[in-house]
Amino acid sequence: MRQALLLSALALLPAALPAQAEVTSYSMPMYLNDRGHAYVYASFNGLPDHPMIVDSAAQQGVLPMSLLSSLALDATQLDTTTVTSATGTDELTEGIVNNTTVAGASQAQLEYIFTDMSGLALPDGIEPGLLGHDFLSHYCVDMNFAEHMLTLTPGQCDSASMSALNVVDIDSSSSLIRASAVFNGVAADVLFDTGAHHSFINSALATQLRGLTVTGEEQTKGLTNKTQLRKVLQGVSYQLGSARVEEPKSYQADLHVFNQLGYQDKPFMLLGLRAFRQGRLVLDYVNQKLYFRQ
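To get the working numbering, take the position in the sequence shown, counting from 1, and add 1.
Structural data, given as structure tokens:
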């Protein structure tokens, strides 16, 4: 048994492609579910396409238990692992999938966590999975919400084509995408999570900010099905690179994973998709850049 952090450094960063190399990009429709998650369709070991949420904060992929029997994995490909999600820790089944294909972009021998994903079921009842860092980090990941398209390009992004977008430096050396932002003069670390609809700030950051309005309280549930209380916020804004970002709705919670990442007492934000849903997000793992347009 081993341990994995889902919110597992399993993938090496891809090397930059030679300038003269011909690169094939793979584009596909990108959908949004009723919870605001962006998903595409992927095939595993040649099975029919399955919906997968694009999740930059999952260090490895996740598949619903309903796929385990269909994949018919050999016993040597299965194990158990201790998984830390946003709200707790649990032991789950892990398996090696021979082939993962997304619109022609393919990776071999990726490790997936298998768990109950019924809480994220689509209207047709199908439980989606999570497409994580160990797949995404091989590509320039272009999430174009205006055109409802995801484009994967092997290696680095074409920086010249990003000139109209805002840009911020990132660090994905831990298999999580980290950056920094400034909240009314307060500097905070940011973890970028394409698998989250809304953003979360911790209490250490919230207590230093003015103008926040708490509009209610809710329960949040992570991958391990454990729940934690969250406060609903209005009024969160920050400087990300040279751009000012306004969050229409966000949450305050001291999530279990924040402590695991060392942010018990340090200002911190889990940055979700909501503020960018009308624009575009591009992840360049090779050059360590995040490009965006709101």
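No residue lacks a Cβ here, since even glycine has one placed at the ideal position from N, Cα and C. Everything numeric in this text was worked out from a predicted model, so none of it was measured.
Cα-Cα separation, residue i to residue j
i, j, result
"L14", "S162", "Note that L14 has pLDDT 37, beneath the 50 cutoff, so the model's placement of it is unreliable and the number below is only indicative. Looking at the two C-alpha atoms, the distance is approximately 22 Å."
"P129", "Y40", "8 Å"
"D80", "H139", "25 Å"
"G62", "L132", "5 Å"
"D35", "N46", "28 Å"
"D117", "V142", "27 Å"
"Y32", "H149", "7 Å"
"L18", "A188", "Reliability of the predicted coordinates at L18 is poor, the pLDDT of 46 falling under 50, and the value obtained from them is presented with this limitation in mind. Roughly 35 Å separates the two Cα atoms."
"R294", "S160", "15 Å"
"A59", "R179", "13 Å"
"V98", "R275", "31 Å"
"C158", "G37", "26 Å"
"R245", "L137", "27 Å"
"S44", "T208", "45 Å"
"I127", "S70", "15 Å"
"E112", "G223", "20 Å"
"F184", "L271", "13 Å"
"L291", "D194", "12 Å"
"Y264", "S67", "35 Å"
"Q21", "D125", "Residue confidence is low: Q21 scores 49 on pLDDT, short of 50, so the model does not pin down where it sits. No coordinate-derived value is stated."
"S173", "D135", "11 Å"
"R278", "G120", "22 Å"
"L177", "Q289", "12 Å"
"E95", "R211", "44 Å"
"S238", "M53", "30 Å"
"T101", "E218", "39 Å"
"E23", "P155", "10 Å"
"S175", "F146", "27 Å"
"D227", "T25", "It should be pointed out that residue 227 corresponds to Lys in this sequence rather than to Asp. If you take the alpha carbons of K227 and T25, they lie about 41 Å apart."
"L48", "L72", "8 Å"
"P249", "I202", "14 Å"
"D50", "P30", "13 Å"
"E247", "V168", "16 Å"
"F259", "G273", "15 Å"
"M144", "L234", "26 Å"
"S164", "S86", "36 Å"
Residue i in three-state terms, based on DSSP
i, result
"R231", "strand"
"A205", "helix"
"D266", "coil"
"Q261", "helix"
"P15", "Because the pLDDT of P15 is 41, which lies under 50, any placement of that residue in the model is unreliable, and the number read from its coordinates should be weighed accordingly. In the structure shown, P15 sits in coil (DSSP, three-state: anything other than H, G, I, E or B)."
"D255", "coil"
"A276", "helix"
"A10", "Any reading at A10 must be qualified, since the residue scores a pLDDT of 29, below 50, and its modelled position is unreliable; the value itself is stated next. In the structure shown, A10 sits in coil (DSSP, three-state: anything other than H, G, I, E or B)."
"D194", "coil"
"M2", "Reliability fails at M2, whose pLDDT of 42 lies under 50, so the model's placement of it is uncertain and the value that follows must be treated cautiously. Looking at M2 - three-state DSSP - the assignment turns out to be coil, as it is neither helix nor strand."
Residue i and residue j closer than 8 Å at C-beta
i, j, result
"D190", "F269", "yes"
"S200", "S251", "yes"
"S204", "D285", "no"
"G89", "H198", "no"
"L213", "G236", "yes"
"A122", "L153", "no"
"K267", "Q253", "no"
"L192", "F115", "no"
"S28", "A109", "no"
"L166", "V283", "yes"
"T216", "Q229", "no"
"Q261", "A182", "no"
"V55", "L151", "yes"
Integer Cβ distance of residue i from residue j, believed to fall under 8 Å
i, j, result
"S57", "G280", "That belief does not hold up - the Cβ atoms of S57 and G280 are roughly 16 Å apart, past 8 Å."
"T77", "L93", "Contact doesn't hold; Cβ gap of about 18 Å is too wide."
"V84", "D91", "6 Å"
*At what residue ranges does the segment 72-124 contain a whole run of the beta strand (DSSP E), taking only runs of 3 or more?*
79-85, 90-103 and 106-116
*Enumerated in chain order, which unbroken segments of the alpha helix (DSSP H) with a length of 4 residues or greater are wholly contained in the segment 33-72?*
69-72
*Length at least 3, wholly inside the segment 138-165: the beta strand (DSSP E) runs in chain order*: 140-145 and 150-155
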